[in-house]
Amino acid sequence: MTIVEAALTTALEEAMASDKGRSAKIVVHDGPLRQTILGLRKGQVLAEHNSPPAASMYVLRGRVRITGQDPAEVVAGEIVALTHVRHGVEAVEDSVFLLTTVTSQAGDSHGN
C-alpha cells in the first residue's frame, strides 16, 4: 500500500467512525498554501461556505456533489476549481478528496 492509499483509507475510516461522518487532515501547510485530505461518509454535507482566494478539490475516491450557484457532481479522478464561489459539498458516495487552498495571507482562513 502506498502512502497515498494509506491516507485515503485512514480518511475514510475516520469519517465512518466519526459522529459527524467526516474527517480532515492537513497534509501541507506552507504559508498561505494548505492541502487537506477530507473524508465524507455517504450523505454527509458540508454546509455552504465561502471559498478562499484560490481553491481546488481533487476527488480521490467516491463521488461528491458541489452545491451552490454552479452545482456539479465530481467523481474520483476529477478536479474542480472553487475559487471565489460560495458552495457546499455533499457526499453522494463514501468519498475522499484533496482540498487545496491558497489564502491571501499566511494566517487567513476562508470564513463561513
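Positions 6 to 117 (my numbering) are the ones given, in order, by the sequence shown.
Ideal Cβ placement from N, Cα and C applies to all residues, glycine included.
Start-to-end residues for the beta strand (DSSP E) that takes in residue i
i	result
Met-21	That residue, Met-21, is in no beta strand (DSSP E); its alpha helix (DSSP H) goes 8–22.
Gln-40	38–45
Glu-95	92–96
Leu-104	100–107
Ala-60	59–66
Ala-35	Checking the sequence, you will find Asp at residue 35 rather than Ala. Note, Asp-35: beta strand (DSSP E), 27–35.
Closest Cα partner of residue i within the set the options
i	options	result
Ser-28	Asp-35, Arg-39 and Gln-49	Gln-49
Arg-66	Ala-59, Gly-73 and Val-79	Val-79
Pro-57	Arg-91, Glu-98, Glu-10 and Ala-16	Arg-91
Ala-20	Asp-75, Leu-87, Ser-61 and Asp-99	Asp-99
Ser-23	Val-33, Thr-14 and Leu-45	Leu-45
Thr-105	Thr-15, Gly-82, Ile-42 and Lys-47	Ile-42
Arg-68	Lys-25, Leu-17 and Ile-31	Leu-17
Cβ-based burial, residue i [other Cβ within 10 Å; buried from 16]
i	result
Gly-36	exposed
Met-6	exposed
Thr-88	exposed
Val-94	buried
Ala-77	exposed
Val-9	exposed
Ala-96	buried
Neighbourhood of residue i by C-beta, 7 Å cutoff - its chain only, sequence neighbours within 5 removed
i	result
Val-107	Pro-37, Leu-38, Pro-57, Pro-58 and Ala-59
Leu-51	Gly-93 and Val-94
Tyr-63	Ile-84, Phe-102 and Leu-103
Glu-75	For the record, residue 75 in the displayed sequence is Asp; it is not Glu. So the qualifying residues of the chain are Val-90.
Same chain, Cβ closer than 6 Å to residue i, five either side skipped, listed in chain order
i	result
Val-33	Gln-40
Residue i: CB within 6 Å of a non-hydrogen atom of the ligand NAP
i	result
Ala-59	This structure does not include the ligand NAP; it has no bound ligands of any sort.
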